[in-house]
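Protein chains: 2
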Amino acid sequence: MTHDDFMRRAIELAETGMRGGHGGPFGAVIVKNGVVVGEGHNRVLSSNDPTAHAEVSAIRDASARMGAFDLSGCEIYVNGMPCPMCMAAVFWARIGRVYYACGAEDAEAIKFDDAAFYRELAKPPAERAVPAIQMSGHRDAAYKVYEDWLALPARVHY
Amino acid sequence: MTHDDFMRRAIELAETGMRGGHGGPFGAVIVKNGVVVGEGHNRVLSSNDPTAHAEVSAIRDASARMGAFDLSGCEIYVNGMPCPMCMAAVFWARIGRVYYACGAEDAEAIKFDDAAFYRELAKPPAERAVPAIQMSGHRDAAYKVYEDWLALPARVHY
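In the order they appear, the protein sequences are chains A and B. To get this note's numbering, take the position in the first sequence, counting from 1, and add 1351. To get this note's numbering, take the position in the second sequence, counting from 1, and add 1351.
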């Protein structure tokens, strides 16, 4: 399979997932050294899981197949620009590059909130439509657990 | 349980998950009308799933318990400010409010990339450390699937 084939496959996954009633029209393919190591499509509706986007599903698939939370050396092909949840999932998975076909404005044209969520994340946390409020009285107790993590002899960084 | 109890529970989940070797020191509790409807802690290491953060795990738990991808009317308590993946997961789940104890700078102090990822997302997609590259030649074929979604008679918005 070629670079273009991987994108065609992502588009195909988007179409079949949508036709099957699994969720929105989104598909993703993860490739390492020219070989597909993970695939996914949106399953928000069929699984009742708002996090089951195509990219998250493909990352879970690749991680399960490879027995690894670190997908360094992989690239991901998606039919549409990842939403911020999925883009950050790509970052955490240490995937090196994203290829997409439709842009964020295309997702907005079919009434998905991706672009709005990018705009929300750029605001200060307390000023968002979904405000994030710090409970400062608990900060020291919470930070103690952070310090314990840093002091763990067998700490695995991810 | 009170407002403060929910945060204490999130911190407790962070501690026990970390001690159990499941992942980083993060816990989350989802509450609706004063009742806990979902809980989660970081399981990135034990599940080999880079998306298994505390908030995503708690959202999946609440959605499974309630049989719903829409968690409107819920609030989430987390021991640390959500990373962008988790914050956008909260948006998609339609959770109305986030309460946190440690800030993003606290996570940075114990060497997590949350703050760096927020900075990356603010850059143009092609200029990030993980570049997102549009394959424009596939855009029209991909957009056709988007249009098909919009035209679905039984389309469910999420």
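Just so you know, even glycine gets a beta-carbon here, dropped at the ideal spot from N, CA and C.
Under 9 Å from the C-beta of residue i: neighbouring residues of chain A
i	result
B/MET1519	There is no way to answer for residue 1519 of chain B, as the model of chain B reaches only from 1352 to 1509.
B/VAL1380	Chain A residues near B/VAL1380: none, gap ~12 Å exceeds 9 Å.
B/CYS1453	GLN1485, HIS1489, ARG1490, ALA1493, TYR1494, VAL1496, TYR1497
Chain A contact for residue i (CB, 8 Å cutoff)
i	result
B/LYS1474	no
B/PRO1482	yes
B/VAL1388	no
B/ASP1400	yes
B/ASP1356	no
B/ASN1384	no
B/ARG1411	yes
Cβ neighbour criterion (16 or more within 10 Å) applied to residue i
i	result
A/THR1402	buried
A/VAL1507	exposed
B/ILE1362	buried
B/PRO1475	exposed
A/ALA1365	buried
B/GLY1372	exposed
A/ALA1415	exposed
A/PRO1504	exposed
Element boundaries [alpha helix (DSSP H), containing residue i]
i	result
A/LYS1383	Element bounds for A/LYS1383: not the alpha helix (DSSP H) but the beta strand (DSSP E), 1378 to 1383.
B/GLU1459	1455 to 1460
Under 8 Å by beta carbon: chain B residues contacting residue i
i	result
A/VAL1441	VAL1481
Proximity below 8 Å, CB of residue i to CB of residue j
i	j	result
B/GLU1406	B/GLY1391	yes
A/ALA1493	B/ASN1430	yes
A/VAL1388	B/ARG1448	no
A/ASN1399	B/ALA1419	yes
A/TYR1428	A/VAL1380	yes
A/LEU1472	B/LEU1472	yes
B/ALA1455	B/MET1438	no
A/GLU1426	A/TYR1451	no
B/VAL1395	B/GLY1378	no
A/TRP1500	B/PRO1435	no
Range covered by the beta strand (DSSP E) that runs through residue i
i	result
B/VAL1387	1386 to 1392
Proximal residues of chain B, C-beta to C-beta of residue i below 9 Å
i	result
A/ARG1448	VAL1481, PRO1482, ALA1483, ILE1484
Contacts that residue i makes with chain A (C-beta to C-beta distance below 8 Å)
i	result
B/GLU1366	VAL1496, ASP1499
B/CYS1434	ALA1439, TRP1443
Below-8 Å beta-carbon distance, residue i vs any chain B residue
i	result
A/ASP1419	Residue identity check: residue 1419 of chain A is Ala in the sequence provided, not Asp. Yes, A/ALA1419 counts as interfacial toward chain B.
A/SER1414	yes
A/HIS1392	no
A/GLU1456	no
A/HIS1373	no
A/GLU1459	no
A/GLU1332	This structure leaves residue 1332 of chain A out entirely; chain A is present only between 1352 and 1509.
Within chain A, partners of residue i - CB distance below 7 Å
i	result
B/GLY1431	ALA1493
B/PRO1504	What B/PRO1504 touches in chain A: nothing, since even the nearest Cβ is about 12 Å away.
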